[in-house]
Amino acid sequence: MAIQYQPGKTPHSREKRLIFKNVDRVGYDPSIDCYLQDGGYDQLKAALKMEKGVIINEVKASGLRGRGGAGFPTGVKWGFIPPTNTKPVYLICNADESEPGTFKDRYIIHQDPHQLIEGMAISCYAVGAKLAYIYIREEFPEGAKILDKAIAEAHTKGFLGQNILGSGFDCEIYVHRGAGAYICGEETGLIESLEGKRPYPRIKPPYFPAALGLYMCPTIVNNVESLCHVKHILQMGGAEYAKLGTPNNTGTRILCVSGDVQKPGYYEVEVGKVTMAEVIDDLCGGLKPGRKLKAIIPGGSSAKVLRADERFKLKDGRELGILDIPMDFDTMAACGSMAGSGGVIIMDDSRSMSWVINNLNNFYAHESCGQCTPCREGSLWMKKISDRIVAGKASPDDVDTLESVANQIEGKTICAFGEACSWPTQSFIKKFRDELKSDCKPELAGQAVAEESLVASAGLR
Ligand SMILES: Cc1cc2nc3c(=O)[nH]c(=O)nc-3n(C[C@H](O)[C@H](O)[C@H](O)COP(=O)(O)O)c2cc1C
Ligand code: SF4
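Take the sequence shown: its letters are residues 249 to 709, numbered as in the numbering used here.
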């Protein structure tokens, strides 16, 4: 997968660059020498003189919430390692970056790998892990090479290996390349894959990784961006970091904006300090000429779609239009969707919603691991029915059947892929039912079913 650099691209004035400080910076390269010029590894040096519990408390005080999708507080997760644990503890950096619409971790890896390695080394020290893995998807071969080189450099300078900087702390980081599957981004599927098995997610409870993770030992799984924040939290202090962003939605985060805007791309902003209107009009230069906003998927393809003309009445009394929504975890959830992995997909009035949901359903049907029946069968049926709709060979009843298939998946599966694949369908039908039905052609519906039966009887899916 080619990574496009934009050297010299000036960050937008609304951005607050912490994690992406060095991304696209002229004269900056991924070497350790470059990183060291700007105080690189100073936070690791400081951390190694601190009590582990103090570091965990700083991360808790920062309010950092995971940037991989669920937005779970990082410090709280770290605190879940059983206090009586006697087994080895592992740290895993989730660099699968598989959620459609998300493209941030790869830029950190390509352009500032030592920021990640420093964040990981500090995190390992804090949670008591001597061994860490970076699980990177197959499609990032260059990223894997860059990381291997950076790890070797960190070793040479004594920031990894045995007795780091004379502290008595040992730490090794290994890069593990996945084979390229969405489900390997789900933390327990990832762990199974790392153990050399088929990535069937594990059921939670009991298999919460912080208690029963890699090799059934306590394991902290964090996203690339989350682990980079740890370095900045130590640099600023947790309380100072928490002043960035908004209450309960602290710090900065990288928004990945794609779709029908003039300037799609990545933008690092304080969480909740910019609204959807500011994302579209200021950061991204507005919609395409002559076009109107139709819908937005605000947090990666699994997030529920929001319609341009919706009004959101929140429990705190606020009433917001789509453009008023601040880009934070809590408001996005209160509006019925999620901030997820930061992938914001903008759709204008040129987009067919039948096409969009079919595109998503094709993805999910391909990526289901097949372990649970509702997901394996349901995702395939959602693809087949939406194939019919876009082909103009569905009956309007098919839209209701599609909705009922999605409803049979949600909440009935081993992992959250069940929700990830049913939420798009449920929300698109709820919000664009008439459009989907108007794409149906009842007179051709029999033909589609006959064709599908032929395919099925020939043993093809
Ligand atoms: C189907 C599915 C795919 C996921 N893909 C990713 C991914 O590519 N990268 C990621 O960091 N988290 C992904 N997650 C979330 C992880 O399971 C896990 O919550 C996350 O890595 C924890 O890191 P964080 O707390 O730093 O966000 C995915 C979850 C699901 C259900
Ligand atoms: S929900 Fe889907 S992806 Fe997750 S375990 Fe079940 S079949 Fe696999």
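The C-beta atom is built at its ideal place from N, Cα and C for all residues, glycine as well.
Extent of the continuous alpha helix (DSSP H) run through residue i
i: residue 412; result: Unbroken run through residue 412: none, as it is neither H nor E.
i: residue 404; result: 389-404
i: residue 289; result: Looking at the DSSP string, residue 289 is not in any alpha helix (DSSP H), and its letter there is neither H nor E.
Bridge partner(s) assigned by DSSP for residue i
i: residue 663; result: None, per the DSSP bridge assignment.
i: residue 586; result: Partner(s): none; residue 586 has no beta bridge.
i: residue 498; result: 493
i: residue 615; result: None, per the DSSP bridge assignment.
i: residue 299; result: The partner list for residue 299 (beta bridge, DSSP) is empty, contrary to what the question assumes.
i: residue 381; result: 340, 422
i: residue 506; result: 593
i: residue 481; result: Its beta-bridge partners do not exist; DSSP assigns none.
Residues near residue i in its chain [Cβ-Cβ closer than 8 Å; skip 5 each side]
i: residue 342; result: 316, 383, 433, 435, 438, 469, 470, 471, 472
i: residue 611; result: 348, 430, 549
i: residue 534; result: 509, 510, 528
i: residue 597; result: 539, 540, 541, 542
i: residue 559; result: 567, 568, 569
i: residue 494; result: 518, 519, 520, 521, 574, 576
Residues of its chain near residue i, where Cβ-Cβ distance is below 6 Å and the 5 sequence neighbours each way are ignored
i: residue 651; result: 677
i: residue 586; result: 547, 551, 580
i: residue 562; result: 582
i: residue 328; result: 458
i: residue 271; result: 355, 359
i: residue 613; result: 627, 628, 631
Close beta carbons around residue i, own chain, < 7 Å, minus the five adjacent residues each side
i: residue 259; result: 265
i: residue 431; result: 437, 447, 449, 615, 617, 665
i: residue 292; result: 366, 369, 370, 407
i: residue 635; result: 606
i: residue 532; result: 505, 509, 510, 511, 512
i: residue 496; result: 311, 578
Where residue i falls: helix, strand or coil (DSSP)
i: residue 322; result: helix
i: residue 373; result: helix
i: residue 354; result: helix
i: residue 274; result: coil
i: residue 433; result: helix
i: residue 470; result: strand
i: residue 315; result: coil
i: residue 281; result: helix
i: residue 308; result: helix
i: residue 258; result: coil
i: residue 626; result: helix
i: residue 486; result: helix
i: residue 476; result: helix
i: residue 365; result: helix
i: residue 333; result: coil
i: residue 252; result: coil
Residue i - containing beta strand (DSSP E), residue span
i: residue 513; result: 513-518
Practice problem: Could you name each continuous alpha helix (DSSP H) segment of 4 residues or more that falls completely within the stretch 520-585, going from the start of the chain to the end? | Solution: Counting whole runs of 4 or more residues, the stretch 520-585 contains the alpha helix (DSSP H) stretches 577-582.
Quiz item: Which ranges does the alpha helix (DSSP H) cover as unbroken runs of at least 4 residues, wholly within the stretch 629-700, from first to last along the chain?
Solution: Within the stretch 629-700, the runs of alpha helix (DSSP H) at least 4 residues long that lie entirely inside it are, in chain order, 644-657, 665-686.
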